[in-house]
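Protein chains in written order, with the working numbering: chain R, 1 to 321; chain U, 1001 to 1213.
In this text, a Cβ means the ideal position worked out from N, Cα and C, and glycines have one as well.
This structure is a prediction, so every number in the text was calculated from the model and none was measured.
A quick write-up on the structure given underneath.
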Amino acid sequence: MSKQAIVFDRVSKTFPKASKPSVNETSLEIGQGSFVTILGASGCGKTTLLKMVNRIIEPSSGTISIFGKDIRQQPLTELRRSIGYVIQQIGLFPHMTIEQNISTVPEILGWDREKIKSRVKELMELVHLPESFSKRYPHQLSGGQQQRVGIARAMAGDPEVLLMDEPFGAIDAITRGKLQDDFKQIQQQLGKTVIFVTHDVEEALKLGDKMIVMNEGTIQQYDTPLRILEQPANEFVSRLVQADDLFQRLHLIRAEDSMIALDGHDPADAGQYPRLPAGASLKDALQLILKHGVPYVVIESVNGQPLGKITMANLYSVEGG
Amino acid sequence: MEVLSQAIEYAATNSDRFWEAVRVHVSISLYALLIAVVICVPLGIVCAKKQWLSGPIMGLFNSLRVIPSLAVLVILLPLIGTGFTPALVALTLLACPPVLINTYMGFRSVEPSIIEAASGMGMSGGRIMRKVELPLALPLLLSGVKTAAVEVIASATLAAFIGGGGLGTFIINGLGMYKFSLLLVGAIPVALLAILSEIGFALIERVSTRYAR
């Protein structure tokens, strides 16, 4: 069992003058290095839940701890410097260059000039921004590029935990897809613990190792995206994630995980059957089968070695669960 | 043209008096502006942060603005007498509203999301003020100071009415003696000073918004 990064213990939040709590008696454990998405309609308490972690919102009751330490035990500014924070509106400082924006936290932490400079360079590379952008101002960048800076800035102090509040919500669909892929890869590479709030079902399913579905201040289900699709806890979850949408599910299962051995596959046919990389999804496999009118597709490793195959029978079994 | 050369000749022959008037005029304007900035910039920031305070404070200063400067001088006359001080008080009151209102607007114009990001990163309140809010509010704030400066320089001529000195002295004397050339000895430098301050502040404003271009 890996270490718990963030633990909520019976946390509630009721805003003044509100009749119902925004977050109600919520307990939750988030393992180190996991990417947890929180999905829900607006007003369900997902943002409140997130913002209690860096105390932008203070809980009415209950405790939250990060790596076993109650978040109220250290000064507020210190706590926040140790947590990356990315918001939908990005919030870059318009009067500072990209470089200065990214340097914000390292400067507060009192790093020396050289170290900050190399850190900025490293981060810009990490988020795929050309080095020539460092002297530019935020308004000279596109929305997607600005959010890349937002992510780099949040990660500058090398925080273990990143909180993201609909970070890609205001970005056009094409750019968003690329940002999601890039960010997921960064997260896996660095092993950061991420809490990611979104109202986009596909985004929540695609990015999360685990996923929280919230409604009316209560966690409806907390599980892996695939399990949530296969066994939605209740009617609400089922409707929200469109659990009956088989394509959603096929999209989440890696071909590698459900392929069968290449029995009866004649290597001579190698050229005849379409091939897919191991990381592809069953949805990709189905598409290829339909497109080429073949009985199966061959899954191959990175260096082109055939590993197994996906047949229509594999695809049928998805419905069976 | 003849009036103009007479004016120049007057200024040249009475250069001591002329330069002394310029000095008084500039210093009374600068003091008024400085006091207004010292009072109204913090007040404007407080108004921007505490919404409930902004109504009464802004209302007070705006109503003060309605009173003509000359009337302020007359009202102050029995209270603090004649000379430099009452003139300074009147000019300061005149300079306050634009500085206050623009400071308020400048700080209100900073996107809340920028401040949220800043505090979310662990910047302290003071640091956010120095590094983020103040630089972002500065262009509007400066434009308020610019408006105030031009108004104050123009209105400082009134100081002469209560013996405060300055370039207004020439204007009043010129009017009294029906001597147009004498009037110009005061009027032209005042106009030049106003234009210069306008240009000066416009340049500073430009520098402070460099990042937006």
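- Residue ranges of uninterrupted beta strand (DSSP E) with 3 or more members, entirely inside the stretch 217-287 of chain R and ordered along the chain, are 218-223, 275-277.
- Neighbours of P94 of chain R in chain U, taken as residues whose beta carbon is under 9 Å from its own, are E1111, I1114, L1136, Y1211, A1212 in chain order.
- Among the CB atoms of chain R, none fall inside 9 Å of the CB of V1046 of chain U.
- A Cβ of chain U is located within less than 9 Å of the beta carbon of L79 of chain R.
- Leaving aside the five residues that flank H128 of chain R on each side, the residues in its chain whose CB is nearer than 8 Å to its CB run, in chain order, R148, D182.
- Apart from sequence neighbours up to five positions away, the residues of its chain that approach A1187 of chain U with a beta-carbon distance below 7 Å are I1171, ordered along the chain.
- At a cut-off of 4 residues, the continuous stretches assigned as alpha helix (DSSP H) that sit fully inside the stretch 57-136 of chain R are 76-81, 98-108, 113-126.
- For D158 of chain R, DSSP assigns no beta-bridge partner whatsoever.
- In this structure, L1158 of chain U sits away from V1185 of chain U, with a CB-CB distance that is not shorter than 9 Å.
- Its Cα nearest to that of Y85 of chain R, the residue U:G1122 stands out among U:A1007, U:P1078, U:G1122.
- In the DSSP assignment, the residues bridged to M214 of chain R are R:I219.
- By the rule that beta-carbons nearer than 9 Å mark a contact, K1050 of chain U does not touch chain R.
- Looking at the backbone, the Cα of A154 of chain R and that of V161 of chain R are separated by about 10 Å.
- Relative to L1043 of chain U, the option among U:A1160, U:M1105, U:A1012 whose CA is nearest is U:M1105.
- Look at T26 of chain R here: in three-state DSSP terms it is strand.
- Using a Cβ distance threshold of 9 Å, T37 of chain R and E216 of chain R do not count as a contacting pair.
- Look at V7 of chain R here: in three-state DSSP terms it is strand.
- By the CB criterion at 9 Å, M96 of chain R and Y1211 of chain U fall inside the cutoff.
- Cβ contact annotation for F15 of chain R (same chain, cutoff 7 Å, sequence separation greater than five): S22, in chain order.
- In the structure shown, Y1010 of chain U falls within a helical segment according to DSSP collapsed to helix, strand and coil.
- The alpha-carbon of V1072 of chain U is positioned some 16 Å away from that of I1153 of chain U.
- Under the three-state reduction of DSSP output, Y1104 of chain U falls in the helix class.
- The C-beta of G62 of chain R comes no closer than 9 Å to any C-beta of chain U.
- Contacts with chain R at 9 Å (Cβ-Cβ) include G1120 of chain U.
- About 18 Å separates the Cβ atoms of R55 of chain R and S27 of chain R, ruling out a contact at the 8 Å cut-off.
- Contact between A1087 of chain U and I1035 of chain U fails: their C-beta atoms lie close to 13 Å from each other, not under 8 Å.
- Here K17 of chain R is exposed: its Cβ has fewer than 16 other Cβ atoms, across all protein chains shown, within 10 Å.
- About 34 Å separates the Cβ atoms of M259 of chain R and I219 of chain R, ruling out a contact at the 8 Å cut-off.
- The Cβ of I90 of chain R sits closer than 9 Å to at least one Cβ of chain U.
- Cβ contact annotation for P1189 of chain U (same chain, cutoff 7 Å, sequence separation greater than five): V1022, L1167, in chain order.
- DSSP places E300 of chain R in no alpha helix (DSSP H) but in the uninterrupted beta strand (DSSP E) bounded by 296-300.
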